[in-house]
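First up is the structure itself, then whatever we jot down about it.
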Amino acid sequence: ARKAAQAAPITEGALADGTPVPLLANLGSPDNAAEAVQLGAEGVGLFRTEFLFLSSETAPSVAEQRESYTTLLQAFPGKKVVVRALDAGADKPLPFLNDAEEENPALGLRGLRALLANEEILRDQLSALAEAQEATEADLWVMAPMVSTVEEAEIFSRFARQHGLKTAGVMVEVPSSALLAEQILQISDFASIGTNDLTQYTMAADRLLGSVSGLQDPWHPAVLRLVREVGAAGAATGKPVGVCGEAAADPLLAVVLVGLGVSTLSMAPAALADVRAELLRHTKEQAEAIAAAALTAPDAAGAREAARTAAASHS
Ligand code: PEP
Ligand code: MG
244 ARKAAQAAPI
254 TEGALADGTP
264 VPLLANLGSP
274 DNAAEAVQLG
284 AEGVGLFRTE
294 FLFLSSETAP
304 SVAEQRESYT
314 TLLQAFPGKK
324 VVVRALDAGA
334 DKPLPFLNDA
344 EEENPALGLR
354 GLRALLANEE
364 ILRDQLSALA
374 EAQEATEADL
384 WVMAPMVSTV
394 EEAEIFSRFA
404 RQHGLKTAGV
414 MVEVPSSALL
424 AEQILQISDF
434 ASIGTNDLTQ
444 YTMAADRLLG
454 SVSGLQDPWH
464 PAVLRLVREV
474 GAAGAATGKP
484 VGVCGEAAAD
494 PLLAVVLVGL
504 GVSTLSMAPA
514 ALADVRAELL
524 RHTKEQAEAI
534 AAAALTAPDA
544 AGAREAARTA
554 AASHS
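Counting from 244, one number per residue, gives the positions in the sequence shown under the UniProt record's numbering.
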């Protein structure tokens, strides 16, 4: 019996009515790829490239980067792999990128803003990614961190195209890009909501500061309303909308996100099994009802409670 259980294939992510919800992995290094595959990741929804840069005084070469990206892509033949361009600044400072002293680094030159101020770093990274793609069979998507305007989305797509990368999208991590999601999705191929930063910026609460950690809760209806904006923009434009923040790893919140129009979920591989099991307990219509209940609550605790009650009413 033990052997049979081990051999049982892990099913693809889906709701109770069969609606597919691809479940992807968040990875911080190619070293974790094998584990993610074993746990049933259907691809990678967020590959954080900071690891390549954080340990060094200078930017890694195109060749070094290509090797790392190739190793990653080779682990997912035929699968979607979303690689995020370097997200430096704020909680991830880099000596060669964030040299200026900023009083409010979370509101400063970070993410795509820092890359556009250091274009050669972005160009090298996109070149390395294009070379890795040439050598492998994964379906490579690239995305920009901390996009706050339609113009930035447009500039990033142009850079990606110039490097021969065919699928380029943005992370929605600040309220402005959530509110402009429809215009952004007319340009970008996809959006991926980073709920960690989206919560930080919506609630104006530093994600690393213990004294305001009570506000860093993605269940907050203010955050959920922004997710709903992005989900609706995805439906209006026919473009995919994912979530790759920690919120996707909370099983009931994952159901709420799908009910708000999110079509894929990406999370730490260890969370895949529980999220997969919870999605199977609800139909699309039920997920929408659970999300609607959460949206009407006045605060995060209330949203959690309302979602629990709504979920229990049909199980
Ligand atoms: C996020 O902000 O939700 C996200 C996924 O990016 P990071 O946690 O790397 O800032
Ligand atoms: Mg982020």
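From the three backbone atoms N, C-alpha and C, an ideal C-beta is built for every residue, glycine too.
Quick check: residue i and residue j, are their CB atoms within less than 8 Å of each other?
{"i": "Thr552", "j": "Ala532", "result": "no"}
{"i": "Val324", "j": "Leu508", "result": "no"}
{"i": "Pro388", "j": "Gly354", "result": "yes"}
{"i": "Pro464", "j": "Ala544", "result": "no"}
{"i": "Ala476", "j": "Glu425", "result": "yes"}
{"i": "Val518", "j": "Ala492", "result": "yes"}
{"i": "residue 213", "j": "Leu467", "result": "A query on residue 213 cannot be resolved here, the shown segment of the chain reaching from 244 to 558 and no further."}
{"i": "Leu428", "j": "Leu469", "result": "no"}
{"i": "Ala259", "j": "Thr438", "result": "no"}
{"i": "Phe319", "j": "Ala381", "result": "yes"}
{"i": "Leu365", "j": "Val326", "result": "no"}
Out of curiosity, what's the CA-to-CA distance linking residue i and residue j?
{"i": "Gly261", "j": "Val498", "result": "14 Å"}
{"i": "Ala244", "j": "Gly488", "result": "Any reading at Ala244 needs caution, since the residue's pLDDT is 46, under 50, leaving its predicted position unreliable; the model's value is listed next. So the alpha carbons of these two residues sit roughly 37 Å apart."}
{"i": "Phe402", "j": "Ala328", "result": "11 Å"}
{"i": "Gly504", "j": "Ala343", "result": "39 Å"}
{"i": "Leu408", "j": "Met446", "result": "35 Å"}
{"i": "Thr379", "j": "Glu293", "result": "22 Å"}
{"i": "Glu521", "j": "Leu337", "result": "39 Å"}
{"i": "Ser298", "j": "Lys335", "result": "11 Å"}
{"i": "Ile352", "j": "Ser391", "result": "According to the sequence as given, residue 352 is Leu; it is not Ile. Roughly 12 Å between the two C-alpha positions."}
{"i": "Leu422", "j": "Pro273", "result": "34 Å"}
{"i": "Leu369", "j": "Gln443", "result": "28 Å"}
{"i": "Glu377", "j": "Val486", "result": "27 Å"}
{"i": "Glu548", "j": "Thr301", "result": "48 Å"}
{"i": "residue 193", "j": "Ser419", "result": "Lying outside 244 to 558, the shown extent of the chain, residue 193 is not represented and no answer is given."}
{"i": "Leu266", "j": "Gly256", "result": "6 Å"}
{"i": "Ile253", "j": "Leu282", "result": "8 Å"}
{"i": "Glu397", "j": "Met510", "result": "27 Å"}
{"i": "His406", "j": "Glu362", "result": "13 Å"}
{"i": "Lys482", "j": "Val417", "result": "19 Å"}
{"i": "Ala349", "j": "Gly321", "result": "36 Å"}
{"i": "Gly474", "j": "Leu538", "result": "14 Å"}
{"i": "Asn347", "j": "Asp449", "result": "10 Å"}
{"i": "Val455", "j": "Asp542", "result": "15 Å"}
{"i": "Ala277", "j": "Leu270", "result": "11 Å"}
{"i": "Gln459", "j": "Leu359", "result": "29 Å"}
{"i": "Leu295", "j": "Arg524", "result": "39 Å"}
{"i": "Ala472", "j": "Val501", "result": "Per the sequence shown, the amino acid found at residue 472 is Glu instead of Ala. Whole-angstrom Cα-Cα distance: 13 Å."}
{"i": "Ala550", "j": "Asn275", "result": "33 Å"}
Output needed for residue i: all residues of its chain with C-beta closer than 6 Å, excluding positions within five of it in sequence on either side, in chain order.
{"i": "Ala268", "result": "Ala279, Ala284, Val287, Pro512"}
{"i": "Ala375", "result": "Arg309, Tyr312, Thr313, Leu316"}
{"i": "Glu395", "result": "Leu355"}
What are the boundary residues of the alpha helix (DSSP H) that includes residue i?
{"i": "Ile436", "result": "It is not in any alpha helix (DSSP H) - Ile436 instead sits in the beta strand (DSSP E) that spans 434-436."}
{"i": "residue 241", "result": "In the structure as shown, the chain begins at 244 and stops at 558. Residue 241 is therefore absent and cannot be evaluated."}
{"i": "Val455", "result": "It is not in any alpha helix (DSSP H) - Val455 carries neither H nor E in the DSSP assignment."}
{"i": "Pro338", "result": "Unbroken run through Pro338: none, as it is neither H nor E."}
{"i": "Arg404", "result": "393-405"}
{"i": "Leu496", "result": "494-502"}
{"i": "Ile533", "result": "527-538"}
{"i": "Ser419", "result": "418-422"}
{"i": "Gln281", "result": "276-281"}
{"i": "Pro464", "result": "464-480"}
{"i": "Leu522", "result": "515-522"}
{"i": "Glu489", "result": "It is not in any alpha helix (DSSP H) - Glu489 carries neither H nor E in the DSSP assignment."}
{"i": "Ser370", "result": "362-377"}
{"i": "Leu358", "result": "355-359"}
Specify, as a first and last residue, the run of the beta strand (DSSP E) that residue i falls within.
{"i": "Phe290", "result": "286-291"}
{"i": "Val486", "result": "484-486"}
{"i": "Arg327", "result": "323-327"}
{"i": "Leu270", "result": "266-270"}
{"i": "residue 566", "result": "Look at the range of the chain in this structure, 244 to 558, and you will see that residue 566 is not part of it."}
{"i": "Leu508", "result": "507-510"}
{"i": "Val415", "result": "411-415"}
Could you pull out every residue in the same chain whose Cβ sits closer than 7 Å to the Cβ of residue i, ignoring the five residues on either side in sequence?
{"i": "Gly412", "result": "Trp384, Met386, Ser431, Asp432, Phe433, Ala434, Ser435"}
{"i": "Leu496", "result": "Pro461, Trp462, Ala490"}
{"i": "His557", "result": "Gln529"}
{"i": "Ala357", "result": "Ala331, Gly332, Leu340, Asn341"}
{"i": "Ala306", "result": "none"}
Confirm the yes/no value for this check: CB of residue i, any heavy atom of the ligand GTP, distance under 7 Å.
{"i": "Pro348", "result": "This structure simply doesn't include the ligand GTP; it includes the ligand PEP and the ligand MG instead."}
* Asked: Can you list, in chain order, every residue whose CB sits closer than 6 Å to a heavy atom of the ligand PEP?
  -> Ordered along the chain, the selected set is Leu289, Arg291, Asp330, Glu416, Gly437, Thr438, Asn439, Asp440, Cys487, Gly488.
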